[in-house]
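Asks: All residue numbers in the sequence shown are consecutive under this note's numbering, ending with 524.
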Amino acid sequence: MRTFEEYKEALFKMKPNIYIGDEKVGRDDPRIQGGINIVRLTYELANDKKYKDLITTTSHLTGEKINRFTHIHQNKEDLFKKQRMTKVLCHLCGGCIQRCMGIDALNAVSVITYECDQALGTKYYENFKNYMKFFQENDLAASCASTDAKGDRSKRPSQQENPDAYLRVIETRDDGIVVRGAKQCITNTPYVDEIIVVPCRMMMPDDHDYAVSFAIPADWDGVKLLARPASFHIPDKAEDFATPTLKMGDVETFIIFDDVFVPKDRVFLNGHADHNQTAYAGFLALMFAHFHRHSYTGCKPAISEILASSAALVAEYNGIEETSHARDKISHLLGTAELVFASGESSALHSEKAPSGTQVPDEILTNAGRRLAGENIYEEYKILADLAGGLMATLPFIDTFYNEEVGELAMKYMQRNPRVKPENVLKCFKGLECLGCSDISGLLQVAGLHGGGSPQMETIAMMGRYPLKDLKNISKYLFGIRKNPKRFERSETPVTPREMLKKFRRALIAKQAREEKKENC
Ligand SMILES: Cc1cc2nc3c(=O)[nH]c(=O)nc-3n(C[C@H](O)[C@H](O)[C@H](O)COP(=O)(O)OP(=O)(O)OC[C@H]3O[C@@H](n4cnc5c(N)ncnc54)[C@H](O)[C@@H]3O)c2cc1C
């Protein structure tokens with residue numbers, strides 16, 4: 004496994020291909036440091052006795068000890084541990100741990116490349132296995148670039164006026180492919196080694212040029228990273244008020260692939276035109292979203308608990324801790340955290356092994372939990388603001404409290420609960436400002452809603468798999484329409500990954516038939 008210093012050294016050697024505003028910068032730009040500070044936890048705590056049982060595991064490919072952020076889940080225990088690891092690490096960085104997207108994508112790639120090779124005789128799983136060994140041996144960090152620019156949302160890739168609205172293959176050569184397009188809203192790319200590219204939607208046969216998946220280094224020729232850094236710390240002069248957590252940050256990236264060559268051994272999917280074959284592109288998009296939504300059942304409860312912890316603290320400092328409305332509001336935050344985490348645990352409990360050997364969480368439970376988290380996100384920030392009061396948004400800069408003329412006077416009015424020192428009240432409100440009013444706070448709220456797919460996509464994924472026909476037997480029996488009861492326990496009959504693919508193909512064929520009918524009308 005790599006040390007943090009080795010990770011950082013490799014990062015700083017990469018070619019500068021990051022654009023912030025009108026500047027082109029390297030990985031040593033201070034605006035990227037916040038993200039590096041978060042990834043640091045995933046390397047350093049892998050050797051910490053408090054965390055290493057969660058962060059390290061054994062590679063199923065080499066038998067070597069590896070970081071769990073480079074692991075392909077092999078059993079239920081792996082899924083439980085991945086979820087717990089995500090939660091405890093998110094507590095420490097105050098938000099997103101940043102290293103799950105890449106490995107969620109690789110878990111999805113493992114399932115789909117195997118299926119594709121079995122059905123079509125391709126060699127994508129071989130490519131995947133070799134790449135995965137390289138990824139594990141070098142303890143790499145990756146981003147997942149799934150979300151395309153997408154153009155007009157009502158049109159599929161091949162129907163768009165701009166043929167590059169979705170990333171596509173513009174040339175297939177003996178030694179690889181050339182791709183063109185853009186991916187948007189991609190977390191962490193300026194401070195990871197590799198970009199894992201997967202499609203973001205269902206594809207039809209006409210979309211075969213867009214059915215593409217591969218991995219490339221983040222500074223590869225033709226890759227341009229348009230970065231938007233965000234941080235917790237709202238700068239003022241009192242640097243020592245910025246705790247290690249509040250020095251962390253995030254960089255979202257708009258990636259342009261300007262005619263990028265991808266060597267063939269790094270390609271995991273390239274086209275294939277008929278019904279059954281293009282289904283792999285959409286199935287890969289769905290699988291990435293699925294593994295990523297399962298990761299959300301770890302990180303989102305962590306964010307709810309961070310908000311609950313802050314709400315409980317400020318309620319104490321404000322002297323309202325024992326009031327029934329404060330306890331009620333905090334219980335809402337905790338209830339959401341517990342339920343979302345339970346959905347992830349339960350989806351691990353009811354997970355199934357794909358033919359590739361990868362353990363796949365239960366799809367309905369994962370999506371139900373992820374959707375619950377998204378639906379509650381703005382309510383959770385509302386509770387924090389409610390219990391904190393307006394000062395979290397209006398606090399004067401910290402230096403003001405140490406100003407010769409007004410400092411002492413200002414501190415006097417920070418006193419609230421008489422048992423709490425005014426300096427701690429100041430620290431608390433500075434922390435609340437960072438958590439609730441910084442640019443990263445706004446970002447985490449939108450991520451809470453859209454990360455892993457818009458809420459509607461979670462509903463579609465959940466309902467696409469739910470056995471509604473069987474469910475109706477309950478009321479049919481109760482209403483006397485059916486004579487004998489039929490035992491129904493949805494989670495006891497999970498849909499296996501291969502059944503998921505079959506259902507997915509059927510949906511694709513039905514969708515195409517609907518589109519053709521519309522055209523003929
Ligand atoms: C902070 C943050 C981090 C992210 N990180 C990553 C990342 O690391 N990797 C990655 O790949 N993605 C990432 N995403 C992207 C995320 O997955 C997308 O934002 C999400 O899938 C929604 O896509 P969109 O933003 O294009 O919105 P849209 O898909 O445009 O959604 C806008 C609205 O349009 C609706 N809509 C869209 N299409 C249709 C249609 N055909 N019919 C009817 N309604 C439709 C949606 O339901 C929604 O209500 C991130 C997003 C955020 C906010």
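We put the beta carbon where it would ideally sit given N, CA and C, even for glycine. Keep in mind the model is a prediction, meaning the values are calculated, not measured.
Give the single residue among Gly347, Tyr127, Ile333 whose Cα lies nearest to the Cα of aspartate 389.
Replies: Ile333
Asks: Report back the beta-carbon spacing between valine 201 and phenylalanine 291 to the nearest angstrom; my notes put them in contact at under 8 Å.
Replies: For a cut-off of 8 Å, the C-beta gap from valine 201 to phenylalanine 291 is around 5 Å, short enough to register as a contact.
Asks: Closer than 7 Å to a non-hydrogen atom of ligand 1 - does that hold for the CB of cysteine 119?
Replies: Not a single heavy atom of ligand 1 lies less than 7 Å from the C-beta of cysteine 119.
Asks: Tell me which same chain residues have a C-beta within less than 8 Å of the C-beta of serine 307, skipping the five on either side of it?
Replies: Leu336, Leu337, Thr339, Ala340, Val343, Ala376, Asn379, Glu383
Asks: Whose CA, out of Thr125, Glu366, Asp142, Leu64, lies closest to the CA of asparagine 133?
Replies: Leu64
Asks: Can you name, in chain order, every residue of its own chain whose Cβ lies under 6 Å from the Cβ of alanine 108, other than the five neighbours on each side?
Replies: Leaving aside the five residues that flank alanine 108 on each side, the residues in its chain whose CB is nearer than 6 Å to its CB run, in chain order, Cys147, Ile199, Val201, Phe291.
Asks: Can you tell me whether lysine 489 is helix, strand or coil according to DSSP?
Replies: coil
Asks: Smallest Cα separation from alanine 214: which of Asp177, Gly252, Ser149, Gly225?
Replies: Ser149
Asks: Heavy atom of ligand 1 less than 7 Å from the Cβ of serine 157, yes or no?
Replies: yes
Asks: Do you know offhand how far cysteine 431's Cα is from glycine 124's?
Replies: 60 Å
Asks: Does DSSP classify arginine 204 as helix, strand or coil?
Replies: coil
Asks: Nearest to alanine 168 by alpha carbon, out of Lys158, Lys303, Gly154, Arg159?
Replies: The residue among Lys158, Lys303, Gly154, Arg159 with its C-alpha nearest the C-alpha of alanine 168 is Gly154.
Asks: Taking C-alpha atoms, which residue in Lys415, Gly347, Ser234, Leu474 lies nearest to leucine 446?
Replies: Ser234
Asks: Beta carbon of asparagine 110, beta carbon of threonine 499: below 8 Å?
Replies: Not a contact, by the Cβ cut-off of 8 Å.
Asks: By the 10 Å Cβ neighbour count, where 16 or more other Cβ atoms means buried, how is alanine 391 classified, buried or exposed?
Replies: buried
Asks: With H, G and I counted as helix, E and B as strand and the rest as coil, what does DSSP make of phenylalanine 131?
Replies: Residue state, collapsed to three classes: helix.
Asks: Can you check which of these residues, His353, Arg296, Gly483, is closest to threonine 462 by C-alpha distance?
Replies: Arg296
Asks: On the three-state DSSP scale, how would you describe cysteine 147?
Replies: strand
Asks: Quick one: Cα of tyrosine 283 to Cα of cysteine 119, how far?
Replies: C-alpha separation (whole angstroms): 7 Å.
Asks: Tell me which residues share the same chain as glutamine 448 and place their Cβ nearer than 7 Å to its Cβ, disregarding the 5 neighbours each side in the sequence.
Replies: Ile380, Tyr381, Tyr384
Asks: Please report the residue range of the beta strand (DSSP E) in which valine 3 lies.
Replies: This structure cannot settle anything about residue 3, because the visible part of the chain is limited to 4 through 524.
Asks: To which residues does DSSP link leucine 228 through a beta bridge?
Replies: Ile21, Ile258
Asks: Determine, using beta-carbon pairs with one atom in the region 68 to 83 and one in the region 249 to 268, whether at least three such pairs fall under 8 Å.
Replies: Contact between the region 68 to 83 and the region 249 to 268 is absent, with fewer than three C-beta pairs closer than 8 Å.
Asks: With a threshold of 7 Å, establish whether the CB of valine 215 neighbours any heavy atom of ligand 1.
Replies: no
Asks: Check whether the region 27 to 40 and the region 247 to 261 are in contact - that is, three or more C-beta pairs closer than 8 Å.
Replies: yes
Asks: If alanine 413 and phenylalanine 400 are in contact, beta carbons under 8 Å, what's the gap, nearest whole angstrom?
Replies: At roughly 11 Å, the Cβ-Cβ gap does not stay under 8 Å, so alanine 413 and phenylalanine 400 are not in contact.
Asks: Let me check you understand the geometry: is the CB of glycine 97 closer than 7 Å to at least one non-hydrogen atom of ligand 1?
Replies: no
Asks: Helix, strand or coil for isoleucine 573, going by three-state DSSP, please let me know.
Replies: This structure leaves residue 573 out entirely; the chain is present only between 4 and 524.
Asks: Answer yes or no: the CB of histidine 453 versus the heavy atoms of ligand 1, is any distance below 7 Å?
Replies: yes
Asks: Measuring straight from C-alpha to C-alpha, what distance separates valine 114 and proline 358?
Replies: 7 Å
Asks: Using the beta-carbon count (16 or more within 10 Å), is cysteine 96 buried or exposed?
Replies: Within 10 angstroms of the beta-carbon of cysteine 96 lie 16 or more other beta-carbons, which makes it buried.
Asks: Report yes if the CB atom of glycine 285 is closer than 8 Å to the CB atom of aspartate 262, and no otherwise.
Replies: no
Asks: Who are asparagine 171's beta bridge partners in DSSP?
Replies: It is worth fixing the name first, because residue 171 is arginine in this sequence and not asparagine. Per DSSP, Arg183.
Asks: Please tell me whether tyrosine 194 and isoleucine 443 are closer than 8 Å, where the distance is taken between their beta carbons.
Replies: no
Asks: Starting from proline 458, trace the beta strand (DSSP E) both ways and give me its first and last residue.
Replies: Premise fails: proline 458 lies in the alpha helix (DSSP H), 458 to 468, not in any beta strand (DSSP E).
Asks: Looking at the secondary structure, which residues open and close the alpha helix (DSSP H) in which alanine 516 lies?
Replies: 500 to 523
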